[in-house]
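Step one of this worksheet: look at the structure below.
In the working numbering, the protein residues as written are 8 to 504.
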């Protein structure tokens, strides 16, 4: 397939807000792709590289883009091969070799193709082909149910892989993806409840458990082999020997557990989220404690589709789970929330006892209740401070995720809740994510997620989403979350009363 085909599709998708139109364009491209091209097509039109970053910075990319070719001749296979050569270059002379390969590649690209490649390689290709749109397009191209594609994606952890299975093998290929020991799956996510009474009224029979302020972990054990993964499916087994030892001590042969890892102080109370996350950056961690809240597999039995109550029974067989109460009335649930806060935790999770484990989904079956409202938002930029904050990047531009795959939608700004240390960190870190700047501010690529506490939201004619934040202040940055996991503009609008 010619690169020109993807460029044309990208521009068509970006030019319309119609979800049906986006799906139709992507469907046609996927159906035209050769089987071995499917993964690349899905990844590139989602703004990603199949193999991740190639180790070349923005300035190097721009320096290799010379005069464009007059006619489109570049094929996907050719680009894939060249990028593999760039990523694999190492040792003396590797910098010049990378530049040479990229210069030759850009010399074969037309103006539109050069722009597409620059945005793709620089991590800035956003044409509105979000995850939901791409899932629908894959299902339409393969003539299979979207739910089947979504399930294969969540169980494989890779949308291009699920796409190839759907388009080459149909339902039979998608059915091959089940829960497999050693292969992480997308975690189930929670929505936010207004109150405990509202959540219990909606869900009926529930489990109410402490919501820990830790790092999400997924533990896979197969006999003596243990693998531990983060929320974004990164393998951290080598860095967390204490968590490995804890998993090996469990009374079972094989198990997959979902939970949190925490650093506890001498008094048994949890340390800050930042302290917990810093532990994952060092070798030979010895201060992390695991706390589990779900069991997805036990001794060969796949429990994904079983109700939570059955999964909790399995979890009880291996022990070490988060404090929880089953089928409480509202006063008992409220008391459990107060106990969680007193113990230094964030709040509680309220979960339907009849719900299956919906990998990768943020539905209503799990709901979180905290004393304050918080949102996970995307940092779009920061303004230079003045007065005491002169020389620091201070006032944050905050955006919600566009569920249709477009750029973040700005909600407002805040400079509250920042310590001197955080101001220094922002000033050092933000240039690494810089897209552009002017005399007033540095504007960022949508790569950083920050947790913001708010008193509520209100209608706004100033911001494009029609809503803004009330009394926003920074709680913490979320290095464990990607922009794809930030709260959507729809979720923010739903908070309007």
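Quick reminder that beta carbons are idealized off the backbone N, C-alpha and C, glycines included.
Same chain, Cβ closer than 8 angstroms to residue i, neighbours up to 5 away in sequence not counted
{"i": "residue 194", "result": "223, 225, 238, 265, 366 and 367"}
{"i": "residue 373", "result": "195, 196, 197, 198, 356, 357, 358, 359 and 362"}
{"i": "residue 91", "result": "58"}
{"i": "residue 392", "result": "398, 399, 400, 401, 402, 422 and 430"}
8 angstroms contact criterion, which residue i and residue j should meet: CB distance rounded
{"i": "residue 174", "j": "residue 45", "result": "5 angstroms"}
{"i": "residue 206", "j": "residue 376", "result": "6 angstroms"}
{"i": "residue 143", "j": "residue 131", "result": "Wrong, their Cβ atoms sit about 24 angstroms apart, outside the cutoff."}
{"i": "residue 219", "j": "residue 267", "result": "4 angstroms"}
{"i": "residue 364", "j": "residue 318", "result": "7 angstroms"}
{"i": "residue 355", "j": "residue 344", "result": "5 angstroms"}
{"i": "residue 233", "j": "residue 255", "result": "6 angstroms"}
{"i": "residue 474", "j": "residue 481", "result": "Going by Cβ atoms, the distance from residue 474 to residue 481 rounds to 19 angstroms, so no, they are not a contact pair."}
{"i": "residue 496", "j": "residue 385", "result": "Actually they are not in contact, since the Cβ atoms of residue 496 and residue 385 sit about 11 angstroms apart, beyond 8 angstroms."}
{"i": "residue 115", "j": "residue 170", "result": "With 8 angstroms as the limit, residue 115 and residue 170 do not qualify as a contact, their Cβ atoms being about 27 angstroms apart."}
{"i": "residue 73", "j": "residue 113", "result": "6 angstroms"}
{"i": "residue 456", "j": "residue 493", "result": "5 angstroms"}
{"i": "residue 441", "j": "residue 449", "result": "6 angstroms"}
{"i": "residue 335", "j": "residue 133", "result": "Contact doesn't hold; Cβ gap of about 44 angstroms is too wide."}
{"i": "residue 141", "j": "residue 83", "result": "About 17 angstroms separates the two Cβ atoms, so there is no contact after all."}
Assigned exposure category for residue i - 16 Cβ within 10 Å defines buried
{"i": "residue 103", "result": "exposed"}
{"i": "residue 70", "result": "exposed"}
{"i": "residue 66", "result": "exposed"}
{"i": "residue 370", "result": "exposed"}
{"i": "residue 63", "result": "buried"}
{"i": "residue 353", "result": "buried"}
{"i": "residue 478", "result": "exposed"}
{"i": "residue 230", "result": "exposed"}
{"i": "residue 503", "result": "exposed"}
{"i": "residue 399", "result": "buried"}
{"i": "residue 454", "result": "exposed"}
{"i": "residue 395", "result": "exposed"}
{"i": "residue 41", "result": "exposed"}
{"i": "residue 499", "result": "buried"}
{"i": "residue 404", "result": "buried"}
{"i": "residue 166", "result": "buried"}
{"i": "residue 382", "result": "buried"}
{"i": "residue 22", "result": "exposed"}
{"i": "residue 433", "result": "buried"}
{"i": "residue 96", "result": "buried"}
{"i": "residue 409", "result": "buried"}
Residue i, enclosing beta strand (DSSP E) - first and last residue
{"i": "residue 483", "result": "480 to 484"}
{"i": "residue 301", "result": "295 to 305"}
{"i": "residue 21", "result": "Residue 21 -> not in any beta strand (DSSP E); alpha helix (DSSP H) instead, spanning 10 to 21."}
{"i": "residue 236", "result": "232 to 237"}
{"i": "residue 218", "result": "213 to 218"}
{"i": "residue 67", "result": "Looking at the DSSP string, residue 67 is not in any beta strand (DSSP E); the run it does join, the alpha helix (DSSP H), is 65 to 70."}
{"i": "residue 459", "result": "456 to 461"}
{"i": "residue 444", "result": "441 to 444"}
{"i": "residue 474", "result": "474 to 477"}
{"i": "residue 430", "result": "Per DSSP, residue 430 belongs to no beta strand (DSSP E); it is in the alpha helix (DSSP H), 427 to 436."}
{"i": "residue 257", "result": "Here residue 257 belongs to no beta strand (DSSP E), and DSSP marks it neither H nor E."}
{"i": "residue 449", "result": "448 to 451"}
Spatial neighbours of residue i in its chain, beta-carbon cut-off 7 angstroms, leaving aside the 5 residues before and after
{"i": "residue 155", "result": "178 and 181"}
{"i": "residue 291", "result": "Residue confidence for residue 291 is low, a pLDDT of 47 falling below 50, so the modelled location carries little weight; the figure read from the coordinates is stated next. The residues are 248."}
{"i": "residue 186", "result": "162, 192, 263, 303, 304, 309 and 311"}
{"i": "residue 32", "result": "16, 19 and 20"}
{"i": "residue 147", "result": "30 and 34"}
{"i": "residue 119", "result": "14"}
N-terminal and C-terminal residue of the alpha helix (DSSP H) that residue i is part of
{"i": "residue 24", "result": "That residue, residue 24, is in no alpha helix (DSSP H); it is neither H nor E in DSSP."}
{"i": "residue 193", "result": "That residue, residue 193, is in no alpha helix (DSSP H); it is neither H nor E in DSSP."}
{"i": "residue 225", "result": "Counting along the chain, residue 225 falls outside any alpha helix (DSSP H), though it belongs to the beta strand (DSSP E) covering 222 to 229."}
{"i": "residue 140", "result": "138 to 149"}
{"i": "residue 417", "result": "Run containing residue 417: none in the alpha helix (DSSP H); it sits in the beta strand (DSSP E), 416 to 421."}
{"i": "residue 97", "result": "No alpha helix (DSSP H) contains residue 97, which DSSP labels as neither H nor E."}
{"i": "residue 3", "result": "Residue numbering for the chain in the displayed model covers 8 to 504; residue 3 lies beyond these limits and cannot be assessed."}
{"i": "residue 323", "result": "315 to 325"}
{"i": "residue 268", "result": "From DSSP, residue 268 is part of no alpha helix (DSSP H) but of the beta strand (DSSP E) over 261 to 270."}
{"i": "residue 499", "result": "496 to 500"}
{"i": "residue 52", "result": "45 to 52"}
{"i": "residue 128", "result": "118 to 128"}
Same chain, Cβ closer than 6 angstroms to residue i, five either side skipped, listed in chain order
{"i": "residue 462", "result": "477 and 478"}
{"i": "residue 459", "result": "382, 384 and 479"}
Cutoff 9 angstroms: residue i Cβ touching any chain D Cβ
{"i": "residue 434", "result": "Protein chain content of the structure displayed is limited to a single chain, and chain D is not contained in it."}
Closer than 8 angstroms: residue i CB and nearest the ligand ADP heavy atom
{"i": "residue 35", "result": "As for the ligand ADP, it is missing from this structure, which has no ligand bound."}
query = In chain order, which beta strand (DSSP E) runs of at least 3 residues are fully inside the segment 330 to 406?
reply = 331 to 333, 354 to 359, 369 to 376 and 380 to 391
request  = List in chain order: all unbroken beta strand (DSSP E) runs of 3+ residues lying wholly within the segment 160 to 210.
outcome  = Correct list: 196 to 199.
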